[in-house]
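Participant: Before I ask anything, here is the structure I am working with.
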Amino acid sequence: MVVDVKIKLNEKLYLRDPQTTSLGEQILQRGLEMISKIGYEEFTFKKLAKEIPTTEASIYRYFENKHKLLFYLVDWYWAFLEFQIMFQINNIVKPEEKIKKIIDLLVWEDNTINFNSQLDHKQLYYLVIAEGSKTYLSKVVDDHNKEELYKPYKDLCAKIAGVFLEFKPAYHYPNSLASTIIEASHQQYFFMHHLPGLGNFTKKKLPKEIEAYLEHLVFGALGNVG
3 MVVDVKIKLN
13 EKLYLRDPQT
23 TSLGEQILQR
33 GLEMISKIGY
43 EEFTFKKLAK
53 EIPTTEASIY
63 RYFENKHKLL
73 FYLVDWYWAF
83 LEFQIMFQIN
93 NIVKPEEKIK
103 KIIDLLVWED
113 NTINFNSQLD
123 HKQLYYLVIA
133 EGSKTYLSKV
143 VDDHNKEELY
153 KPYKDLCAKI
163 AGVFLEFKPA
173 YHYPNSLAST
183 IIEASHQQYF
193 FMHHLPGLGN
203 FTKKKLPKEI
213 EAYLEHLVFG
223 ALGNVG
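Counting from 1, position 87 in the sequence shown corresponds to residue 89 in my numbering; the numbering is continuous, with no gaps.
This is the structure in structure tokens:
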């Protein structure tokens with residue numbers, strides 16, 4: 003069974019909804035490919051226009067700047083991941099098993115085979131690992147927060163935090179733990195491949211070992227409630 007996914011995002015992210023036109027979808031797809039390949043710093047709308055091909059001015063009709071395009075792609079990933087979690091844990095009864103499934107989805111990049119959308123899920127996974135923090139490690143983070151541009155990330159954290167509370171209702175830090183394991187899942191994957199001294203998973207480079215670490219972290223925290 004293949005599930006079609008349509009993600010609707012905050013209108014403040016774009017000038018024209020890129021999902022409504024063929025050019026808009028190409029901007030998203032080729033933009034994702036290029037940022038993943040050359041990095042956010044080297045990426046420009048001029049290079050993207052040449053790749054599509056179209057005019058640079060046409061891209062600016064959809065996005066104010068490349069930061070908003072990156073923001074759109076990262077928010078799309080958070081919204082999709084929340085949808086995926088809801089879909090995957092819907093028929094799971096035990097909170098412990100829900101937590102394990104969530105961790106599996108956070109780490110393992112091949113969990114999207116049953117979902118169909120216009121964006122490459124694996125590329126998005128790698129993009130968020132490498133570039134996602136740029137959306138909030140910014141001088142304008144408070145302005146973006148007022149515009150609710152971080153809502154998909156907050157909704158994802160709230161969904162995970164709710165499952166933690168199913169497992170341990172007395173736990174005082176569910177949102178903090180949720181955001182911690184999301185960030186840790188990405189950081190440890192990055193460290194595993196690029197900064198081996200900052201992790202313990204470099205010998206085999208297996209994402210499943212990161213999952214085991216996150217399970218240890220989560221159940222250790224939830225189990226220490228008096």
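C-beta: ideal position from N, C-alpha, C; glycine also.
Excluding sequence positions up to five away, which residues of its chain have a Cβ less than 7 Å from the Cβ of leucine 224?
Facilitator: Here residue 224 refers to the residue found at position 222 of the sequence shown. Around leucine 224: Phe166, Phe169, Lys170, Tyr173.
Participant: On the three-state DSSP scale, how would you describe aspartate 157?
Facilitator: Reading the sequence shown from its first residue, position 155 is the one you call residue 157. Three-state DSSP puts aspartate 157 in a helix.
Participant: Pull up the DSSP beta-bridge partners for aspartate 2, would you.
Facilitator: What the structure shows of the chain is the stretch from 3 to 228, and residue 2 is not part of that stretch, so it cannot be assessed.
Participant: Using a threshold of 9 Å, state whether the C-beta atoms of glutamate 213 and valine 95 are closer than that.
Facilitator: The residue you call residue 213 lines up with position 211 of the sequence shown. The residue you call residue 95 lines up with position 93 of the sequence shown. No, the pair does not count as a contact, with Cβ atoms beyond the cut-off.
Participant: Histidine 188 to tyrosine 127, Cα distance in whole Å?
Facilitator: The residue given as residue 188 occupies position 186 in the sequence shown. The residue given as residue 127 occupies position 125 in the sequence shown. If you take the alpha carbons of histidine 188 and tyrosine 127, they lie about 9 Å apart.
Participant: Helix, strand or coil for glycine 164? Go by DSSP, reduced to three states.
Facilitator: The residue given as residue 164 occupies position 162 in the sequence shown. Helix at glycine 164.
Participant: Please name the residue in Tyr191, Gln190, Ala163 whose C-alpha comes closest to that of serine 178.
Facilitator: Mapped onto the sequence shown, residue 178 falls at position 176. When each option's Cα is compared against that of serine 178, the closest is Ala163.
Participant: Report buried or exposed for glycine 228, applying the criterion of at least 16 other Cβ atoms within 10 angstroms of its Cβ.
Facilitator: Your numbering for residue 228 matches position 226 in the sequence shown. For glycine 228, the predicted structure reports a pLDDT of 41, less than 50, and the residue's modelled location is therefore unreliable. The matter cannot be settled from this model.
Participant: Could you pull out every residue in the same chain whose Cβ sits closer than 7 Å to the Cβ of tyrosine 64, ignoring the five residues on either side in sequence?
Facilitator: Stepping through the sequence shown from its first residue, residue 64 is reached at position 62. If we look at tyrosine 64 and ignore the five residues flanking it on each side, its Cβ neighbours are Tyr16, Leu17, Arg18, Pro20, Gly26, Ile29.
Participant: Does DSSP classify arginine 32 as helix, strand or coil?
Facilitator: Counted from its first residue, the sequence shown places residue 32 at position 30. Arginine 32 falls in the helix class under three-state DSSP.
Participant: What separation, rounded to the nearest whole angstrom, lies between the Cα atoms of isoleucine 183 and leucine 216?
Facilitator: Looking up residue 183 in the sequence shown gives position 181. Looking up residue 216 in the sequence shown gives position 214. Rounded to whole angstroms, isoleucine 183 to leucine 216 spans 7 Å at the Cα level.
Participant: For asparagine 177, which three-state DSSP category applies?
Facilitator: The residue labelled residue 177 in the question sits at position 175 within the sequence shown. Asparagine 177: helix per DSSP, three-state reduction.
Participant: Apart from the five residues just before and just after leucine 200, which ones in its own chain have a Cβ nearer than 7 Å to its Cβ?
Facilitator: For the purposes of this step, residue 200 is taken as the residue at position 198 of the sequence shown. Hits under 7 Å: Phe193.
Participant: Between the alpha carbons of serine 119 and glutamate 84, how many angstroms are there, rounded?
Facilitator: As a position in the sequence shown, residue 119 is number 117, starting the count at 1. As a position in the sequence shown, residue 84 is number 82, starting the count at 1. Approximately 15 Å, taken between the alpha carbons.
Participant: Measuring alpha carbon to alpha carbon, tell me which of Glu66, Lys68, Asn67, Phe47 ends up nearest glutamate 58.
Facilitator: What you label residue 58 is simply residue 56 of the sequence shown in a count that begins at 1. That would be Phe47, whose Cα lies nearest to the Cα of glutamate 58.
Participant: Compute the distance between the beta-carbons of histidine 195 and lysine 207, then report whether it is under 9 Å.
Facilitator: Here residue 195 corresponds to residue number 193 of the sequence shown, with the count starting at 1. Here residue 207 corresponds to residue number 205 of the sequence shown, with the count starting at 1. Yes, they are a contact pair.
Participant: Output the distance between the C-alpha atoms of histidine 123 and leucine 75, rounded to the nearest integer angstrom.
Facilitator: Start at 1 with the first residue of the sequence shown, and residue 123 comes out as number 121. Start at 1 with the first residue of the sequence shown, and residue 75 comes out as number 73. Taking the straight line from one Cα to the other gives about 11 Å.
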